[in-house]
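To convert, note that position 252 of the sequence shown is 252 in the numbering used here; the numbers rise steadily by one, no gaps.
Glycine included, every Cβ here is placed at the ideal spot set by N, Cα and C.
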Amino acid sequence: MMPHKFNASRRHKFEKKRQKVTNWRVYNEGLRQRGDVTIWLSPEVADKWLADKRQTPGGQPTYSDMAISVCLTLGMVFKQPLRQTQGLVGSLARLMGLDVPVPDFSTLSRRGAGLSMPEKSKAQRAGPIELVVDSTGLKIFGEGEWLQNKHKTKAKRKSWRKLHLGLDLTTGDIVCSDLTKDDVGDPTALPELLDQIEAPVSRFLADGAYDGDPTSDLLVDRFGEAIEIVIPPPITAVLSLDAARNPTPRDKHIAEIRDKGRLAWQVSSGYNHRSRGEAQIGRWKMVIGPKLKARNFPNQKTEVRIGTNILNKMNGLGRAKYEAAA
1 MMPHKFNASR RHKFEKKRQK VTNWRVYNEG LRQRGDVTIW LSPEVADKWL
51 ADKRQTPGGQ PTYSDMAISV CLTLGMVFKQ PLRQTQGLVG SLARLMGLDV
101 PVPDFSTLSR RGAGLSMPEK SKAQRAGPIE LVVDSTGLKI FGEGEWLQNK
151 HKTKAKRKSW RKLHLGLDLT TGDIVCSDLT KDDVGDPTAL PELLDQIEAP
201 VSRFLADGAY DGDPTSDLLV DRFGEAIEIV IPPPITAVLS LDAARNPTPR
251 DKHIAEIRDK GRLAWQVSSG YNHRSRGEAQ IGRWKMVIGP KLKARNFPNQ
301 KTEVRIGTNI LNKMNGLGRA KYEAAA
């Protein structure tokens, strides 16, 4: 095994941060507030619990989309299956003295597919978004590889889903999310992610899977030529034919990596901030879980939208900033 210090002469030396955090008490309290769960149903929610009378031919739904989303959100927060979610919501309604019917588990499963989520409030922003995009795999609920290897049986669900998240570096909120099947690549899923963003984007950070002209052309077409694209080129990347007269941002990245090294480029370009996207992926798997509970793809997409809302709510409750003194 090659020792770590063998490449010490070529490694970038990170300077020690000469700062002292002064608000640990406030920061810890903000983290604790993320786990403070208070449940109540306001009178406005009770008034909108039942669906409005439809004006078109067809069956009349009993519950509104908001009632279904509330039930599914509580089930995801407390990690309860649909039957237990039905009992949980029923007990809360009785404790609060609300005379509202509770959807049964089959209604939650059927209405969860293609559920229209409530409009999320748009926070006031002082400037454009610095967007970090990352993806990860989520297993599908059911028998896995262990059962197939142990008993030599054919697994019912051998595929998995890919979760795509877009994080705003300024606020820490998830501004876009999507779920795709395992045969969809990251650049292919990017257009639908960007469709969810209405604010301008000044900076885009992603890993090497997004490297290429299609991603760059898409970002420039959506947000203009002023956008800063920070994507690491592969080791085998070469300069474009017109790099001497009109270098592209990718050419500049390649030249800087050759001159200063990849670690130094990560610091100068700000690529190391992409780790916050990876941290958000880890937070998703810790809070929401590494598996999808829903059995079909439309319900799984609804599950992802609900999980995004949960993490953003937790981030808003426990948003705390470091206050450091040099």
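The beta strand (DSSP E) spanning His164 covers which residue range? Here residue 164 is taken as the residue at index 164 of the sequence shown, counted from 1. From DSSP, the beta strand (DSSP E) with His164 extends over Trp160 to Asp168.
4-residue-minimum alpha helix (DSSP H) runs that sit fully inside the region 69–112, ordered along the chain: For the region 69–112, whole alpha helix (DSSP H) runs of length 4 or above, ordered along the chain, are 82–95 and 105–112.
In terms of residues, what are the limits of the beta strand (DSSP E) holding Leu179? Counting from one through the sequence shown, the residue named residue 179 turns up at place 179. Ile174 to Lys181 is the extent of the beta strand (DSSP E) around Leu179.
Could you tell me if Ala123 is buried or exposed, where buried requires 16 or more neighbouring beta carbons within 10 angstroms of its beta carbon? In the sequence shown, the residue the question calls residue 123 occupies position 123. Low confidence applies here, because Ala123 scores a pLDDT of 48, under 50, leaving its location unreliable and the question unanswered by this model.
Looking only at its chain, what residues have a beta carbon closer than 7 Å to the beta carbon of Val89, apart from the 5 residues adjacent to it on each side? Here residue 89 refers to the residue found at position 89 of the sequence shown. A distance below 7 Å between beta-carbons, with the five flanking residues on each side excluded, links Val89 to the following residues of its chain, in chain order: Cys71, Leu74 and Val102.
Evaluate Asn299 with the Cβ neighbour count: other Cβ atoms within 10 Å of its Cβ, from every protein chain shown; 16 or more gives buried, anything less gives exposed. Within the sequence shown, residue 299 is the residue found at index 299, counting from 1. With 16 or more other Cβ atoms within 10 Å, it is buried.
Quick check: the Cα distance between Gln60 and Glu130, rounded to an integer number of angstroms? Mapped onto the sequence shown, residue 60 falls at position 60. Mapped onto the sequence shown, residue 130 falls at position 130. If you take the alpha carbons of Gln60 and Glu130, they lie about 44 Å apart.
Which word fits Pro43, buried or exposed, when buried means at least 16 other C-beta atoms lie within 10 angstroms of its C-beta? Against the sequence shown, residue 43 aligns to sequence position 43. It is exposed - the Cβ of Pro43 has fewer than 16 other Cβ atoms within 10 Å.
Nearest CA to the CA of Ala243: which residue from Thr170, Ala255 and Glu278? Residue numbering aside, residue 243 sits at position 243 when the sequence shown is read from its first letter. Distances from the CA of Ala243 to each of Thr170, Ala255 and Glu278 were compared; the closest alpha carbon is that of Ala255.
Here's a check: name, in chain order, each residue in its chain whose Cβ is nearer than 7 Å to the Cβ of Leu82, leaving out the five neighbours to either side. The residue labelled residue 82 in the question sits at position 82 within the sequence shown. Closer than 7 Å at the Cβ level, and outside the excluded window around Leu82, lie Gly75, Phe105, Leu108 and Ser109.
Straight-line CA distance for Ala199 to Asp168? Within the sequence shown, numbered from 1, the residue matching residue 199 stands at position 199. Within the sequence shown, numbered from 1, the residue matching residue 168 stands at position 168. The alpha-carbon atoms of Ala199 and Asp168 are separated by roughly 11 Å.
Can the beta-carbon of Ile227 be found less than 7 Å from the beta-carbon of Leu219? For the purposes of this step, residue 227 is identified with residue 227 of the sequence shown, where counting begins at 1. For the purposes of this step, residue 219 is identified with residue 219 of the sequence shown, where counting begins at 1. If you check the CB distance, Ile227 and Leu219 come in under 7 Å.
Close Cβ partners of Thr215 (< 6 Å) along its chain, the five nearest in sequence each way excluded: Residue mapping note: residue 215 aligns to position 215 of the sequence shown, counting from 1. Same-chain partners within the cutoff: Pro187.
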